[in-house]
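All the letters of the sequence shown, read from the start, carry residue numbers -23 to -1, 1 to 1220 under mature numbering (1 follows the signal peptide of the UniProt record, and there is no 0).
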Amino acid sequence: MTGVWTFQLIIYCRVLTTVKVSGVPGGVPGVVPGGVPGGVPGGVPRGVLDSPVVCISNINFQRKSVIGFVELTIFPTVVNLNRIKLNSKQCRIYRVRVNELEAPFLYNDPTLEVCHNESKQRNLNYFSSAYTAAVGAVDPDAGHGELVIKIPSEIWKQGDDMKVLKVYIEFSLDQPKGGLHFVVPDVEGSMAERGAHVFSFGFQNSTRFWFPCVDSYSELCTWKLEFTVDASMVAVSCGDLVETVYTHDMRKKAFHYVLTIPTAAPNISLAVGPFEIMVDPYMHEVTHFCLPQLLPLLKHSMSYLHEIFEFYEEILTCRYPYSCFKTVFVDEAYMQVSAYASMSIFSTNLLHSAMIIDQTPLTRRCLAQALAQQFFGCFISRMSWGDEWVLKGISGYIYGLYLKKTFGVNEYRHWIKEELDKIVDYELKMGGVLLHPTFSGGKEKDNPTPHLHFSIKHPHTLSWEYYKMFQCKAHLVMRLIENRISMEFMLQVFNKLLSLASTASSQKYQSQMWSQMLVSTHGFLKSISNVSGKDIGPLIKQDQSAVVKFFGSFAFNRKRNVLELEIRQDYTSPGTQKYVGPIKVTVQELDGSFNHMLQIEENSLKHDIPCHSKSRRNKKKKIPLMNGEEVDMDLSAMDADSPLLWIRIDPDMSILRKVEFEQADFMWQYQLRYERDVVAQEEAISALEKFPTPASRLALTDILEQDQCFYKVRMQACFCLSKIANAMVSTWQGPPAMKSLFTRMFCCKSCPNIVKTNNFINFQSYFLQKTMPVAMALLRDVQNLCPKDVLNFILDLIKYNDNRKNKFSDNYYRAELIRALTNSLTPAISISNEVRTVDNLNSDVRLILEEITRYLNMEKLLPSYRNTITVSCLRAIRELQKNGHIPSDASLFKSYAEYGHFVDVRVAALEALVDYTRVERSSAEMQWLLSMVQTDPSHYVRHKVLSMLCKNPPFTKASDSALCNEALVDQLWKLMNSGTSHDWRLRCDAVNLYYVMFGLTRPSCLPLPELGLVLNLKEKKAVLNPTIKPEMGAGALVDTPASIGIHGVGMSYSAVDEEPDPVSLGVCGVGQPPQGLKRKAETPLGSPPEPGQVLQQQDDDARTGRFKIRFNAMEDEDIDMDTVHDSQAFIHHHLNLLERPSTPGKEPPSVEQTMLSMPATPVPAFSKESASLSSKHGGEHGHHHHHHHHEHKKKKKKHKHKHKHKHKHESKDKEKDRDRDNSHAFSNSPASGRSLRSPSLSD
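Following this line, the structure appears as structure tokens:
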């Protein structure tokens, strides 16, 4: 064993949400209007969790395993507390003890397999509601968890009612699929020499993956952590490192961390590896960790971190909340930045040397984001998922202020415009993004997002794309609030939140005080109105739902000297809404720039705006601009009668909107040349694409030559110019667009076709030099080919590129030159039945192919930073294939996509493969991609494969394709149903892909089910569909994602949740006697059910379900309609009452035995693993419990116990047969608690 380590962790915390008491159903947060949990996060307080100790005694890099234990101290606030619920996923639990007594426990993770045995449905509506229910069933904020511990009753018999409970849990992790990621390079040497490391990762509430805890952002605790690792390794975790102690043999050392600030479990993290350590030279409390040999890069990349600290502390007028900060750079990171309490885990690909230009701003941005989240996200946590937007909004907003200070106002405004365009496009395509969803119970129609194919009630059901848009919208809304109340008040509100939290954090355990460290929407809005005196509730409600779409046009009335402005809205198309309120219009006239506030009413369209200046025919006078500058303009282009130069609607972007404004081309040209706001210039460039005239060409060329113009505007102008040149191709005079300009700026005076030696000291001209060739390559002549002189010009740039005297690397520049070559390609002219070979290639294309091949081979010898050139070459080869110059072939991309290449190269190769799959309709490549999603070691790459398939799908629900077949449906269904249970983000990606390819209803390529029975929970009746017509079947299935077997229809159900509960209990003939069990044995597996026969699941359900209910009934908490889980149990209970032979006078078996013999499954039982499972102990580990309790209550319940075992063995024989037929995906997983070989408990 290489790395052996222990860690111990002490938490002062309230488990208000995790403890259930006899007779009292676990409270769901009491929601007061506004969606804020009333009082404490778990409803009624049951117990106070104090000082858990987590000790991991062994980490093994060879086997990728972890062993440890957790010890929690609970002060019950209720008499005779009888069970505790904790979160734990994929940990194998060996034993649980409460106050030194063995305690029975139940491990049940319904998210492992969402729909059980559900072979016929396959529709996404059904899956979505089942998944939401499964996630809700283990949600710690609602008092649930995967691990239920029964407190032995002897503890309460000892008299002392309110004693302390010490809960001790032993657990291990074996090859974890989520939560902890082991990176073990396959090279020679010891683990430390190989750079093996492990780190925690995950998206929202993922700490349960690596130790049992209360995995909720609203449960705060103080922590002590202790790790024992190999002497050559370093363990980094949250809090202050108190001491490191070597073991006697000096082969291991223990790291002790203490985190005195109350922190939620999801913000705890860990990284262990042979890290090189650097203390920040400017701030000694900051420490940086990186993998071996990367220290020089680390030094450079972290050299300005102290500036970010100073900036945030200054604007928030508040010290950094923790006593230390640690940055850890790891390989194969899940996300580029993951923020945890007092530490952040970054991707090692963010590190760069002083020679790299392009990566520097990106890395600084990542650091700034991570630090902003330290304040809002780690230090200040949230009450509930509905309040997440406040944290994401504030951290995104202060990150924006940092951008403004460091990169300048232009960069900031450009970023805001980019983010606004992104959210507007997304909402117009997908419908609104809700920031603060208030989930009222009741009917389906209260579902706030009917337009989405996933639920937004929980972070684990959100699509990743949606979550990114959610973060984007959150910070934009914060900026709108700032527009409304001023930045000064905004920063006062943040300061107030932080100072209250830091006062609270220094208190010893006090339940009232610590809640100051949790932010809620209600509390946030209240503190805004306290500080500024303004109520911004309506603003939040308005920006909540969708975007506003404005269309503007105008006419100038010369008689009245008035501008008649017409603003129309489109609020009928999806994702749009009606806007009523103020809007700012800026009019630039001859005598200056004037702002007008217009009020948009319900139906007003026309607005009259008085003009301040008369049109002047001949007077020459300077024209004052917005920023006070006065400039000379050539006014010959403008309308002689009108004093208007240009008009802008909502220039400050103070509404989430899309504006389409019509004005004359000369007005756009003036706006481009003379408006000093980059957003206005970018809007003008986009508008000028529609006006291909010499005047537009001149305006764009002038901008390219202006050094003081923002470089991103000039880059955009390059592409606009090439579009205009292509539109004017027949009338274009002179050399190709931009060529003479490039020659003047970057080429030798004496020999204009040779480029000067590179000197990138001026970054603005560097970015322009990179962009111009790429834009020039898009030029086309009359034959629609790239002009010969342009192609030769680009080839010369490559040929004469000389970087010897440059202090910066030219790898990004060379990559862009290859991109330019790619852009110059046009489709091949194919002569019929000609075989494509290199010999008969077009001479130009041959030159391009030679350059690309040369560069690819050079890269193998001298790789560039981040392999940027390989990435460009792979894209170029795919373009050559698509344009028909070289044969289409996937093998090159497959070899570059293999594990072991740099991640950017793999993603580029995979992108080409995804495109190849779509164009060639290749099912082999589709299978190859899907197998990569299941087996690739890198979580990020798996995620990228699925998200690229979603963006560029091989087929969609609207198109027919040979790829769309039953096998693919089954494969994807398995992937999202059970194959991705360890990674929330991946599961949601799989759901997205399923939606893109098959839509919400049953995929069209599946055969129709022969019989279905649909129970409508809304109307409380069952409908029998003997032949499901396609359209009707689809409709019926959409309506109720539940197919429920009923024995006798006399019962009425009430819909508990707003979505019908996804209970799939098999279909049985209405009103017939339940003969299913007898006939089940003869029925071949998987045959469609005839009337009166039960779907294949019924026999497990009949048994396992029966015990499940009995276990519930025992505690007098038969029906707990507050939770999805128990409402399923309730329906289950009714179904089983009808067929269970009653044994009068016998009391049910003891809870302990029932819990031990319970399968480790959710209520609708696991399909292929029935009652023979031991309850989440590997068989061997479970034995001691079994005997312990047998002696305990044997005599009292003999008869009943025999009856139970008989059932078990019956079902076990069937189980064996069935396991032969289809071994189940999870039968071997740690979560099922048994390996295929371990004897089961009931043996």
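Using N, Cα and C, we set each Cβ at its ideal position, and we do this for glycine too. Since the structure is predicted, the reported quantities are computational estimates derived from the model, not experimental observations.
| Item | Value |
| --- | --- |
| Beta-carbon spacing of Cys183, Asp118 below 8 Å | First, the amino acid is wrong: residue 183 is Ser here, not Cys. Not a contact, by the Cβ cut-off of 8 Å. |
| Range of the contiguous beta strand (DSSP E) that encloses Lys635 | 634 to 638 |
| Cβ neighbours of Tyr972 in the same chain (closer than 7 Å, five flanking residues each side left out) | Leu101, His430 |
| Supposed close pair Ala242, Tyr289 - CB separation, criterion 8 Å | With a Cβ gap of about 25 Å, Ala242 and Tyr289 do not count as contacting. |
| Cβ shell of Ile771 (< 8 Å), same chain only, five flanking positions each side left out | Pro750, Met753, Ala754, Leu794, Ala797, Leu798, Ser801 |
| First through last residue of the beta strand (DSSP E) which encompasses residue 1221 | Nothing can be reported for residue 1221: it is not among the residues displayed for the chain, which extend from -23 to 1220. |
| Best match in Phe696, Thr224, Asp937, Cys301 for proximity to Met260 [C-alpha to C-alpha] | Cys301 |
| Cβ pair Leu44, Asn35 closer than 8 Å | At residue 44 the sequence reads Ile, which differs from the Leu that was named. Yes. |
| Straight-line Cα distance separating Cys449 from Glu90 | 32 Å |
| Start and end residues, alpha helix (DSSP H) containing Cys850 | 845 to 859 |
| Rounded C-alpha distance that separates Gly166 from His158 | 21 Å |
| Cutoff 6 Å; reference Val656; Cβ partners in own chain excluding five residues on either side | Arg390, Lys394 |
| Per-residue burial, Gln746 [other beta carbons within 10 Å of its own, 16 or more giving buried] | buried |
| Rounded straight-line distance, which links the Cα of Val608 to that of Gly373 | 37 Å |
| Beta-carbon gap between Ala584 and Ile544 smaller than 8 Å | Here residue 584 is His; the residue named in the question, Ala, does not match the sequence. The answer is yes: Cβ separation under 8 Å. |
| In chain order, each alpha helix (DSSP H) run of at least 4 residues that lies wholly inside the region 78 to 138 | 101 to 114, 131 to 134 |
| C-beta atoms of Pro931 and Arg895 nearer than 8 Å | yes |
| Length of the line joining the Cα atoms of Met168 and His277 | 27 Å |
| N- and C-terminal bounds of the alpha helix (DSSP H) containing Met925 | 916 to 928 |
| Where the alpha helix (DSSP H) through Ser900 begins and ends | 900 to 912 |
| Per-residue DSSP class, three states only, for Gln676 | Just to set this straight, residue 676 is Ala in the shown sequence, not Gln. Of the three classes helix, strand and coil, the one that applies to Ala676 here is helix, per DSSP. |
| Proximity winner among Cys198, Leu906, Met835, relative to Ser483 (alpha-carbon distances) | Cys198 |
| Nearest-angstrom Cβ-Cβ length linking Asp207 and Lys229, presumed shorter than 8 Å | 6 Å |
| Proximity below 8 Å, CB of Val222 to CB of Ala231 | yes |
| Collapsed DSSP secondary structure at Cys965 in the structure displayed | helix |
| Beta-carbon spacing of Asn834, Asp881 below 8 Å | no |
| Assumed close pair Glu566, Leu602 - CB separation to whole angstroms, cut-off 8 Å | Not confirmed; about 11 Å, so no contact. |
| Beta-carbon proximity list for Glu659, same chain, < 7 Å, skipping 5 on both sides | Lys394, Val690, Gln693 |
| Buried versus exposed, by CB contacts within 10 Å (16 or more), Asn735 | buried |
| Arg171 to Val249 span [Cα, whole Å] | 13 Å |
| With 16 other Cβ atoms within 10 Å as the buried cut-off, status of Gly156 | buried |
| Bridge-paired residues (DSSP) for Ile70 | Phe148 |
| Sub-8 Å separation of Arg909 and Leu940 beta-carbons | The question names Arg, but residue 909 is Met in the sequence shown. Cβ atoms of Met909 and Leu940: not closer than 8 Å. |
| Enclosing alpha helix (DSSP H) for Thr498 [first to last residue] | 498 to 509 |
| Neighbour-count burial assignment, Asp131, 16 or more Cβ in a 10 Å radius | One point to set straight first is that residue 131 is Glu, not Asp, in the sequence displayed. It is exposed - the Cβ of Glu131 has fewer than 16 other Cβ atoms within 10 Å. |
| Buried versus exposed, by CB contacts within 10 Å (16 or more), Lys1123 | Interpretation of Lys1123 is limited by its pLDDT of 41, a score under 50 that renders its predicted location unreliable; the figure taken from the coordinates is listed afterwards. Exposed, because fewer than 16 other Cβ atoms sit within 10 Å of the Cβ of Lys1123. |
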